[in-house]
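Remarks on the structure that follows.
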Amino acid sequence: MTLWKPSTLFGRVLLSLLIGLALAGLLIGLVPASAHAAPPSPEIRAAAEAIPPVPGPETPEKRFRIGYYEGGQYGDYKIILAAIVRGLMQLGWVPQIDLPPMDQVPDSATLWRFLVANANGGHVEFVGDAHYTAGDFDPERRKQVRPEIIERLTGRQDIDLMIAMGTWAGQDLANDAVTTPIVVASTSDPVASKIIPSPDDSGRPNLHAKVEPGRYGRQVELFDDIVRAKRLGVVYENTLEGRTFAAIEEVEAVSAARGFDLVTCFAPFNGVPEEVAKAEAVRCYKELAPKVDALYITVHRGVTSSSLAAIVDAALDAGVPTFSMAGSGDVRRGVLMSIAQGDFSYVGLFHAEVIGRIFNGAEPWALDQRWVAPAKIALNLETMEIIGFNPPVDILLAADEIYRKIER
């Protein structure tokens, strides 16, 4: 990775004078004043009064058994799981160990086996036979796995908490029959996907789902502030899951409010092999790139570290700027810009704190579900140079991660 901090290029005096202005002016929209405006219900407020203030272990003699369920093999899932584990280490629930580099971990099942073998010496047990997946986003496999998990949680009751990774997993475990605490992670919009009824109420005492209202709309607004595209290209699967993954409702709302056109291309990812999903995503971006002024690279199972190079090349050949919905990992590989993630450490710690408080006695629905990503930008300088893009200086000053080269 070639990572450059702005202070190595700009004088400290200039940076200190301008960075505050840049963040306050351009990026203030990323953290809306309304983010915590809606008051909780009286029932949730009453329950919240009993929330343990410290998410570290309070009962050293007890070990809590964690299970895991994902809807399919999506690249971010293993990374977010690792970030949650690191957060649990930071809080004292899991012993301090070195996790393997994520580029050497093919999937979450491999990481889970590592955790079972190496991370079970603390207050948490990663249960060896409690990693579940619906195959490769296979609807038929999903029909088999869902009742199997629910039977275990309601029958054997040998799991203290389930991590539900992704939209499918969240939908399947948001179930009235289940009382085991469920923590839902890595969903673009758990409200739109009907996992929870609102950002302020999960709808079930045992359920917690991270919500970041308006996150992707703010991304598109920021992108529009910078590039002022008249035609924005987006790729997604035209299903409820596909539209939710790509946050299409938010993108459409910004398009309508600001008056630019959306140019769409549909690429399937459910119920098809990953190679097909990747080929369809690449096809769509190649088709859109010459027709639009900018591309918003949406979350899609076909957009992976191996397929992104072809997508980036299509955008570079067309000379169009790109913004990654997923984050700065894509910027490292040649997307022009995104929101810097800090290797998902912020969101990992958020989920870890929720899990810790649940283990200490809090009801999941009493815990705040709203989370706002730190307002930081990632930029790729080589991409900027190739397409001839000259951003305002305040964008450069506000950038937290700047990559000098495209990683191939």
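When we follow our numbering, the leftmost residue of the sequence shown carries the number 4, and every step to the right adds one. Note that the Cβ used here is the ideal one computed from N, Cα and C, for glycine as well.
Of all the options the options, which has the alpha carbon lying nearest to the alpha carbon of residue i?
i: methionine 105; options: His354, Val275, Phe347, Asn393; result: Phe347
i: leucine 235; options: Glu61, Trp115, Ala318; result: Ala318
i: lysine 379; options: Gly206, Asp397, Val254; result: Asp397
i: valine 130; options: Asp161, Thr62, Arg221, Asp141; result: Asp161
i: aspartate 333; options: Arg411, His354, Gly74, Gly391; result: Arg411
i: histidine 126; options: Ile153, Gly158, Pro60; result: Pro60
i: aspartate 139; options: Ala249, Asp132, Phe272; result: Phe272
i: methionine 340; options: Phe117, Val257, Tyr349, Leu298; result: Leu298
i: glutamate 404; options: Phe392, Pro395, Asn383; result: Asn383
i: proline 58; options: Phe362, Val375, Phe392; result: Phe362
i: arginine 68; options: Gly74, His134, His354; result: His134
i: phenylalanine 248; options: Met328, Leu176, Val375, Pro98; result: Met328
i: arginine 221; options: Arg207, Ile251, Met168; result: Ile251
i: glycine 70; options: Gln93, Tyr349, Ile229, Arg116; result: Arg116
Exposed or buried, residue i, counting other C-beta atoms within 10 Å across all chains shown (16 or more means buried)?
i: tyrosine 406; result: buried
i: aspartate 163; result: buried
i: serine 331; result: buried
i: aspartate 264; result: exposed
i: glycine 28; result: With a pLDDT of 40 at glycine 28, under the threshold of 50, the modelled position of that residue is not reliable, and no figure is offered here.
i: glutamate 52; result: Unreliable placement is indicated for glutamate 52, whose pLDDT of 48 sits below 50; the coordinate value is still reported in the next sentence. So glutamate 52 ends up on the exposed side.
i: alanine 25; result: Legend: pLDDT at alanine 25 = 38, less than 50; position of this residue unreliable, no value from coordinates given.
i: alanine 369; result: buried
i: alanine 41; result: The pLDDT assigned to alanine 41 is 42, lower than 50, so where the model puts this residue is not dependable, and the model offers no usable value.
i: asparagine 209; result: buried
i: serine 37; result: Low confidence applies to serine 37: its pLDDT is 32, below 50, so where it sits in the model is not reliable enough to give any reading.
i: threonine 325; result: buried
i: threonine 170; result: buried
i: aspartate 179; result: exposed
i: arginine 360; result: buried
i: aspartate 192; result: buried
i: leucine 400; result: buried
i: serine 308; result: exposed
i: aspartate 132; result: exposed
i: threonine 62; result: exposed
i: lysine 213; result: buried
According to DSSP, which residues form a beta bridge with residue i?
i: cysteine 287; result: BP columns for cysteine 287 are empty, so no partner.
i: arginine 373; result: Val214
i: leucine 100; result: Correcting the residue identity first, residue 100 is isoleucine in this sequence and not leucine. Isoleucine 100 pairs with nothing; no bridge assigned.
i: serine 327; result: Ile300, Ser341
i: asparagine 383; result: Tyr406
i: leucine 164; result: Ile69
i: glycine 236; result: Val266, Leu298
i: histidine 134; result: Tyr71
i: isoleucine 185; result: Met165, Leu210
i: valine 127; result: Phe67
Could you check whether residue j and residue i sit closer than 8 Å to each other, using their CB atoms as the reference points?
i: serine 423; j: aspartate 79; result: The chain is shown only over 4 to 411; residue 423 falls outside these bounds and no answer can be derived.
i: arginine 286; j: leucine 311; result: no
i: valine 338; j: isoleucine 300; result: yes
i: leucine 422; j: lysine 81; result: No statement about residue 422 is possible, as the shown extent of the chain runs from 4 to 411 and does not include it.
i: glutamate 385; j: isoleucine 409; result: yes
i: alanine 270; j: valine 315; result: no
i: alanine 402; j: isoleucine 342; result: no
i: glycine 274; j: aspartate 141; result: yes
i: glutamine 372; j: serine 205; result: yes
i: glycine 173; j: isoleucine 198; result: yes
i: arginine 3; j: glycine 74; result: Outside the displayed span of the chain (4 to 411) sits residue 3, for which this structure offers no information.
i: valine 223; j: valine 254; result: yes
Are there three or more Cβ pairs, one per stretch, closer than 8 Å when the segment 278-296 is compared with the segment 306-323? Yes: at least three Cβ pairs fall under 8 Å.
Quick one: any contact between the segment 98-115 and the segment 242-249, if contact means 3 or more CB pairs under 8 Å? Contact fails: fewer than three Cβ-Cβ distances are below 8 Å.
Can at least three beta-carbon pairs, one atom from the segment 270-284 and one from the segment 203-218, be found at a separation below 8 Å? No, the segment 270-284 does not touch the segment 203-218.
Please confirm if the segment 176-193 is in contact with the segment 89-100, defined as three or more CB-CB distances below 8 Å between the two stretches. Judged by Cβ distances under 8 Å, the segment 176-193 makes no contact with the segment 89-100, as fewer than three pairs qualify.
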